[in-house]
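Encoded as structure tokens, the structure appears first; notes follow it.
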Amino acid sequence: MRVLKGHGTGNDFVLVPDLDGALELTPELVRALCARHTGIGADGVLRVVRAAKDPDGARYAADAEFFMDYRNADGSLAEMCGNGVRVFMAYLQRACVVDHDAAVATRGGIVRVQTGADGVITVDMGQPRVLADRPVVTAAPLPPTPGARVELPNPHVVVEVGEPADLAALELSDPPLVEPARPGGQNVEFVVRTGPRQLLMRVHERGVGETQSCGTGICAAVVAAATAEGSERDDTVWQVQVPGGSCSVTWRADGTVLLSGPAVIVAELDLDDSWLEAALAAAGSA
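Each residue of the sequence shown is one higher than the one before, counting from 775 in the working numbering.
So, in structure tokens, the structure goes:
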């Protein structure tokens, strides 16, 4: 079985080409692939399948040929992944099945993806929802702090902290406490303003843990920061620095959010047959 490894600003993925939808991607197999010490190691799995061949993608097949079946490292489903869809696009181009522009179906809907001449990939992430409630977030040593709840389409809570040193001191090995929490969990972004339209961010992703980057989280952070200062939908470019690199975000006047950043295919790998057999057997007996 051939897979690929890729990343977008350090947010890393195992890509599983399965154009005809022949593979049963169980949570147990996802966890085995993503295991850092005994598998390939990744924040999640991107299964590349034709939309018409997947039960969740079939409703989009008339408008998007390919469906991004994204799973978090713990095997749970996610609506969308902003870094993942850029890596997904990089694979589609590598496989010569799209040119520089594509519609990609996700569980959060269809997104348009475009690769520029410089190799930077831009994703139209759609329109965010800024919710009115202000959940309280606690992550040591930060005291309980209200955050902004944003859906894009993944659920996020964005918390502003004062200084880069405060951001660096956060303990994110465990999920931050969010009250009230969303029943299915949420990603939590902690941000510092480092200049006009500039943010520094760390993130804890549901189903994964702290990651080097989160594309939907980067967008949610910009939406929350722009809303707080009254500069939403002004077509200006924000820069967001995460541990794995930098992405730019534009909240356009029409309400849509554009995310731009790099995507890297690291390697193509042939899984060892005995390892895969053992992983599938373990999945079947779980």
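Where a beta carbon is used, it is the ideal one built from N, C-alpha and C, also for glycine. Treat the numbers as computed from the prediction; the structure is a model and nothing was measured.
Asked, Found
"Same chain only: Cβ atoms within 6 Å of Ala864, ignoring 5 sequence neighbours per side", "Ala1037 and Ile1039"
"Span separating the alpha-carbon of Val872 from that of Glu853", "23 Å"
"Rounded separation between Arg886 and Arg1007 - CA only", "19 Å"
"Collapsed DSSP secondary structure at Asn961 in the structure displayed", "strand"
"Given 8 Å, three or more beta-carbon pairs between the stretch 1011-1019 and the stretch 979-997", "yes"
"Chain-order list of residues whose beta-carbon lies under 8 Å from that of Asp830 (same chain, five-residue window excluded)", "Phe841, Asp843 and Arg881"
"DSSP state of Thr783 mapped onto helix, strand, coil", "coil"
"Environment of Ala999 [buried if 16+ CB atoms lie within 10 Å]", "buried"
"CB contact check: Arg967 to chain B, cutoff 8 Å", "The chain labelled as chain B is not found in the depicted structure, where only one protein chain is given."
"Cβ-Cβ separation, Leu916 to Val935 (assumed contact under 8 Å), whole Å", "6 Å"
"For Lys779 and Asp786, the rounded distance between their alpha carbons", "7 Å"
"Coil, strand or helix - Gly813 by DSSP", "coil"
"Range of the contiguous beta strand (DSSP E) that encloses Asp875", "Asp875 to Thr880"
"Where Cys1021 falls: helix, strand or coil (DSSP)", "strand"
"Residue from Ala1055, Thr1024, Ala1053 and Phe964 whose Cα sits closest to the Cα of Val897", "Thr1024"
"Residues that DSSP places opposite Gly969 in a beta bridge", "Gln972"
"Check whether Arg845 and Gly818 have beta carbons under 8 Å apart", "yes"
"Residue environment, Pro918, which counts as buried when at least 16 other CB atoms sit within 10 Å", "exposed"
"For Gln867, the nearest candidate out of Val822, Lys827 and Arg903 (CA to CA)", "Val822"
"Per-residue burial, Glu963 [other beta carbons within 10 Å of its own, 16 or more giving buried]", "buried"
"Identity of the residue in Gln960, Leu851, Met899 and His874 nearest Leu1032 by Cα", "Met899"
"Cβ separation of Val965 and Leu973, assumed to be a contact under 8 Å, to the nearest whole Å", "5 Å"
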